[in-house]
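**Q**
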């Protein structure tokens, strides 16, 4: 009877097996991206750092991040698409330095183009214009009932009738001044996003500065990713609402420079 030799598994292979099992469970649970714990993105990134040819990790990166980015882009969920494409590009460019794959190189170029399109969505400007023009007649229609309610009071005192007529002309001028205020669901959504950015951006910056001094690599990577996502969102909102510069206290040029620096810093940390 032939002797059966025991196969030895190296600690690195054991670690890859453990990470792959975790990635499968996270995939089923839908934990795809940071800051979720044991997310597929970070697990696959760690696997590729040890085994650059790991087909399971490569397919997860391509299908889940590029695929989810394409889906969000086609559904016109541009902010979500920007986040997914940014995550894909970060890990794909890291993987490309380890193994030369022409298909992945082409995918990265495609994702870069899609990322620019998602940051400058073609439909957002037209939809905002349409909503503002349709919202203009609304104040005039609501003001008509108020003029009819004033008339009963004018019958009691004839003097007030002469004073109420000029007020009707002034109300027409106020409709033009109230025009920039958000009145539609699109404008309200934009206003909420501006408020959210004003609150989250300073927190993300202070979080990054605080963790940078501690020296914890994983926490710092997470903080940089969070800051990059908010900076990308801020740039997207600026194209619809340039006044956000005065609200956040930074120029968009400054934020763009910071984003480029942080993306480069993130790539360097991943390569370590």
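Numbering (this note's numbering), first residue to last: 636 to 907. All C-beta atoms in this analysis are idealised placements derived from N, C-alpha and C, irrespective of residue type, glycine included. Values in this document were obtained by computation on a predicted structure and should not be read as measured data.
1) Mind listing, in chain order, the continuous alpha helix (DSSP H) runs of no fewer than 4 residues lying wholly within the stretch 848-881?
2) Are the stretch 712-719 and the stretch 671-682 in contact at 8 Å, needing three or more beta carbon pairs?
3) How would you label residue 860, buried or exposed, when you count the other beta carbons within 10 angstroms and need 16 or more for buried?
4) Counting only the same chain and skipping the five closest in sequence on each side, list residues whose C-beta sits under 7 Å from that of residue 895.
5) Between the Cα of residue 658 and those of 664, 643 and 675, spot the shortest distance and give me the residue it belongs to.
6) Can you give the Cα-Cα distance for residue 882 and residue 843, rounded to whole angstroms?
7) Tell me the DSSP secondary structure of residue 643 in three-state form.
8) Drop a sphere of 10 angstroms on the beta-carbon of residue 864, count the other beta-carbons inside from all chains shown, and report buried for 16 or more, exposed for fewer.
9) Where does residue 841 fall in DSSP's three states?
10) Our contact map puts residue 878 next to residue 886 with C-beta atoms below 8 Å; I'd like the distance itself, whole angstroms only.
11) Work out the CA separation of residue 854 and residue 829 for me, nearest whole Å.
**A** To lay it out plainly:
1) 852-875
2) no
3) Reading the chain shown from its first residue, position 225 is the one you call residue 860. Counting Cβ neighbours within 10 Å, residue 860 comes out buried, since at least 16 surround it.
4) Along the chain shown, read from residue 1 onward, the residue named residue 895 stands at position 260. Cβ neighbours of residue 895 beyond the five flanking positions: none.
5) On the chain shown, residue 658 is found 23 positions in, with the first residue counted as 1. Residue 658 has its Cα closest to that of 675, out of 664, 643 and 675.
6) Numbered from its first residue, the chain shown carries residue 882 at position 247. Numbered from its first residue, the chain shown carries residue 843 at position 208. Roughly 21 Å between the two C-alpha positions.
7) In the chain shown, the residue the question calls residue 643 occupies position 8. Note: residue 643 maps to coil in three-state DSSP.
8) By 1-based counting over the chain shown, the position of residue 864 is 229. Classification of residue 864: buried, given that the 10 Å Cβ count is 16 or more.
9) Mapped onto the chain shown, residue 841 falls at position 206. Residue 841: helix per DSSP, three-state reduction.
10) Counting from 1 along the chain shown, the entry for residue 878 is found at position 243. Counting from 1 along the chain shown, the entry for residue 886 is found at position 251. Contact doesn't hold; Cβ gap of about 12 Å is too wide.
11) Position 194 of the chain shown, counting from 1, holds the residue named residue 829. Position 219 of the chain shown, counting from 1, holds the residue named residue 854. Rounded to whole angstroms, residue 829 to residue 854 spans 27 Å at the Cα level.
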